[in-house]
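Residue numbers (the working numbering), protein chains in the order written: chain P, 1 to 110; chain R, 1 to 113.
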């Protein structure tokens with residue numbers, strides 16, 4: 001079964017709007033992380049939420065985790081054109097392996 | 001700011017050739033990883049390395065793959081006999097003792113012809 005499936009696959013919004021991306025996973029996790037990837041570049045860690053946490057904030061980012069539904073969401077508020085990138089959730093299972101989702105391609109139009 | 005560095009940034013090789021991808025993790029990190037991303041697809045776990053040995057590997061990481069930490073700074077991924085389907089971006093990552101956050105390099109793009 002697949003870990004870390006995101007929706008939507010692609011999201012296009014206007015600058016200033018909020019962007020919400022969702023992620024689901026299959027097995028028990030230690031934590032759930034979100035990463036950002038600009039085209040052709042490496043992944044950059046955004047935020048980590050532990051399995052015993054429900055919500056976390058970092059600047060314009062808000063992450064929620066619902067372990068009963070095995071799902072997480074990433075909210076980016078007041079989006080900017082520079083937020084255009086692919087966003088991946090990654091579930092850390094036992095042994096510290098990160099299993100990444102398919103990703104959401106976010107386009108923020110100026 | 002400390003960063004993970006990878007070389008080469010792009011390597012083109014013939015099918016059947018051996019390839020070594022190199023990584024310099026962040027200096028005080030203890031856990032090291034290789035991931036790969038086939039063009040347009042998701043990032044896939046290959047192997048994790050801790051205390052000079054493999055701690056976990058995926059089904060992708062078969063006998064054609066090996067990892068090594070030959071000295072105190074480098075962490076290498078070797079593919080013994082490359083196949084067309086090995087064409088991908090290979091990412092090295094490291095993390096410290098008390099955090100789950102992975103720091104990724106910019107990747108090495110491998111093209112197998």
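C-beta: ideal position from N, C-alpha, C; glycine also.
Interface flag, residue i vs chain P, CB-CB below 9 angstroms
i: residue 102 of chain R; result: yes
i: residue 17 of chain R; result: no
i: residue 88 of chain R; result: no
i: residue 69 of chain R; result: no
i: residue 22 of chain R; result: no
i: residue 43 of chain R; result: yes
i: residue 75 of chain R; result: no
Where residue i falls: helix, strand or coil (DSSP)
i: residue 3 of chain R; result: coil
i: residue 30 of chain R; result: coil
i: residue 10 of chain P; result: strand
i: residue 114 of chain R; result: Chain R is shown only over 1 to 113; residue 114 of chain R falls outside these bounds and no answer can be derived.
i: residue 121 of chain P; result: It is not possible to answer for residue 121 of chain P, since the shown part of chain P is limited to 1 through 110.
i: residue 62 of chain R; result: coil
i: residue 155 of chain R; result: There is no way to answer for residue 155 of chain R, as the model of chain R reaches only from 1 to 113.
i: residue 17 of chain P; result: coil
i: residue 44 of chain R; result: strand
i: residue 84 of chain R; result: helix
i: residue 94 of chain P; result: helix
i: residue 78 of chain P; result: coil
Pick from the options that is closest to residue i, judged by C-alpha positions
i: residue 89 of chain P; options: P/10, P/22 and P/18; result: P/22
i: residue 53 of chain P; options: P/47, P/46, P/65 and P/44; result: P/65
i: residue 40 of chain R; options: P/108, P/86 and P/94; result: P/86
i: residue 51 of chain P; options: P/5, P/97 and P/93; result: P/93
i: residue 82 of chain R; options: R/8, R/9, R/97 and R/16; result: R/16
i: residue 41 of chain P; options: R/7, R/110, R/27 and R/89; result: R/89
Residue-chain proximity (residue i, chain R), Cβ-Cβ < 9 angstroms
i: residue 33 of chain P; result: yes
i: residue 67 of chain P; result: no
i: residue 1 of chain P; result: Residue placement at residue 1 of chain P is flagged as unreliable, the pLDDT there being 32, under the threshold of 50; the coordinate-derived value follows with that caveat. No, residue 1 of chain P does not count as interfacial toward chain R.
Nearest-angstrom Cβ-Cβ length linking residue i and residue j, presumed shorter than 8 angstroms
i: residue 105 of chain R; j: residue 91 of chain R; result: 6 angstroms
i: residue 48 of chain P; j: residue 61 of chain P; result: With 8 angstroms as the limit, residue 48 of chain P and residue 61 of chain P do not qualify as a contact, their Cβ atoms being about 11 angstroms apart.
i: residue 10 of chain R; j: residue 109 of chain R; result: 4 angstroms
In DSSP terms, what residue i is bridged to
i: residue 54 of chain R; result: R/49
i: residue 56 of chain P; result: P/63
i: residue 5 of chain P; result: P/24
i: residue 49 of chain P; result: P/32
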